[in-house]
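Written below as structure tokens is the structure these notes are about.
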Amino acid sequence: MKLRKKMSDMQSMAEFERDDMPESPTGWVAKHVRAYVESDGREGHLFQGLTTLLLTTRGRKSGQPRRTALIYAQDGDRYVLVGSNGGSSHHPAWYLNLIEHPEVAVQVGADKLLARARTATAQEKPALWKLAASAFPQYDTYQATTDREIPVVIIERVS
Numbered sequence: 057m058k059l060r061k062k063m064s065d066m067q068s069m070a071e072f073e074r075d076d077m078p079e080s081p082t083g084w085v086a087k088h089v090r091a092y093v094e095s096d097g098r099e100g101h102l103f104q105g106l107t108t109l110l111l112t113t114r115g116r117k118s119g120q121p122r123r124t125a126l127i128y129a130q131d132g133d134r135y136v137l138v139g140s141n142g143g144s145s146h147h148p149a150w151y152l153n154l155i156e157h158p159e160v161a162v163q164v165g166a167d168k169l170l171a172r173a174r175t176a177t178a179q180e181k182p183a184l185w186k187l188a189a190s191a192f193p194q195y196d197t198y199q200a201t202t203d204r205e206i207p208v209v210i211i212e213r214v215s
């Protein structure tokens with residue numbers, strides 16, 4: 057019952073494509089997201105040689121949509137994200153948001169989908185970490201510089 061209510065809270069993709077969505081306070085991230093959105097993924101999917109997607113979460117405090125660009129790896133039809141926050145001692149806001157509201161929207165190139173996000177289990181994490189680190193080896197350095205266990209997130213399309 058709770059899952060049904062949560063999924064109905066999302067309503068539609070349109071909710072996550074609002075023009076008035078706040079931009080990232082980090083200038084280069086805001087520019088990257090803007091280019092990705094305005095070009096329908098033609099610009100921004102490949103960013104400095106890395107594949108990126110747009111993740112839209114619902115703010116855990118505000119309830120408003122929040123969008124950011126993230127490096128991803130692909131595991132079959134699932135997307136794999138790493139909550140590295142550059143090796144910071146705290147989780148990124150997008151990760152905290154999806155813990156509270158796992159229903160997300162994702163744009164990969166021009167493909168837009170509604171999805172459910174979850175933290176990889178202890179059993180899943182080693183293989184997925186290796187996959188993600190092969191896409192962006194800096195993740196290993198980030199983990200070595202923080203005491204925080206950096207989470208791996210699995211994004212699965214909702215039918």
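Everything in the sequence shown is counted per the numbering used here, starting at 57 for the first residue and increasing by one.
Note that beta-carbon positions come from the ideal geometry of N, C-alpha and C, so glycine has one too.
Just so you know, these numbers come straight off a predicted model, no measurement behind them.
Which listed residue (the options) has its alpha carbon closest to that of residue i
{"i": "glutamine 55", "options": "Asp131, Arg116, His88, Thr201", "result": "No answer is possible for residue 55: the residues shown for the chain start at 57 and end at 215."}
{"i": "leucine 184", "options": "Ala171, Asn141, Pro148, Asp131", "result": "Asp131"}
{"i": "threonine 124", "options": "His101, Asp133, Ala189, Ser145", "result": "His101"}
{"i": "glycine 165", "options": "Ala86, Leu111, Gly83", "result": "Leu111"}
{"i": "proline 182", "options": "Trp150, Glu94, Ile210, Ile127", "result": "Ile210"}
{"i": "tryptophan 150", "options": "Val214, Pro121, Ala176", "result": "Pro121"}
{"i": "alanine 178", "options": "Val162, Gly83, Glu205, Gly119", "result": "Glu205"}
{"i": "alanine 176", "options": "Val162, Gln199, Arg134", "result": "Arg134"}
Cβ shell of residue i (< 6 Å), same chain only, five flanking positions each side left out
{"i": "proline 148", "result": "Gly139, Asn141"}
{"i": "arginine 213", "result": "Leu169, Ala171"}
Three-state secondary structure assigned by DSSP to residue i
{"i": "leucine 214", "result": "With the sequence shown as reference, residue 214 is identified as valine, and leucine is not the correct amino acid for it. The answer is coil: DSSP assigns valine 214 none of H, G, I, E or B."}
{"i": "methionine 66", "result": "Since pLDDT at methionine 66 reaches only 49, below the 50 mark, its modelled position is unreliable, and no value is offered."}
{"i": "arginine 204", "result": "coil"}
{"i": "arginine 90", "result": "helix"}
{"i": "glycine 83", "result": "helix"}
Beta-carbon contacts of residue i that lie in its chain and below 7 Å, excluding the five residues immediately before and after
{"i": "alanine 188", "result": "Ala129, Val136, Val138, Tyr195, Val208"}
{"i": "threonine 113", "result": "Arg122, Trp150, Asn153, Leu154, His157, Val160"}
{"i": "valine 85", "result": "Thr124, Ala125"}
Own chain residues within Cβ distance below 8 Å of residue i, not counting five before or after
{"i": "aspartate 167", "result": "Gly97"}
{"i": "alanine 191", "result": "Leu106, Thr107, Ile127, Tyr128, Ala129"}
{"i": "threonine 201", "result": "Gly143"}
{"i": "proline 78", "result": "Gln120, Arg122"}
{"i": "serine 64", "result": "In this predicted model, serine 64 has a pLDDT of only 41, less than 50, meaning its place in the structure is not dependable; the value taken from the coordinates is given anyway. Excluding sequence neighbours, serine 64 sits near nothing in its chain."}
{"i": "arginine 90", "result": "Glu79"}
Sheet register partners of residue i (DSSP bridge)
{"i": "valine 209", "result": "Leu137, Thr175"}
{"i": "phenylalanine 103", "result": "Leu106"}
Length-filtered (3 minimum) beta strand (DSSP E) runs lying within the stretch 105–186: You should have 106–114, 121–127, 129–131, 134–138, 159–164, 167–175.
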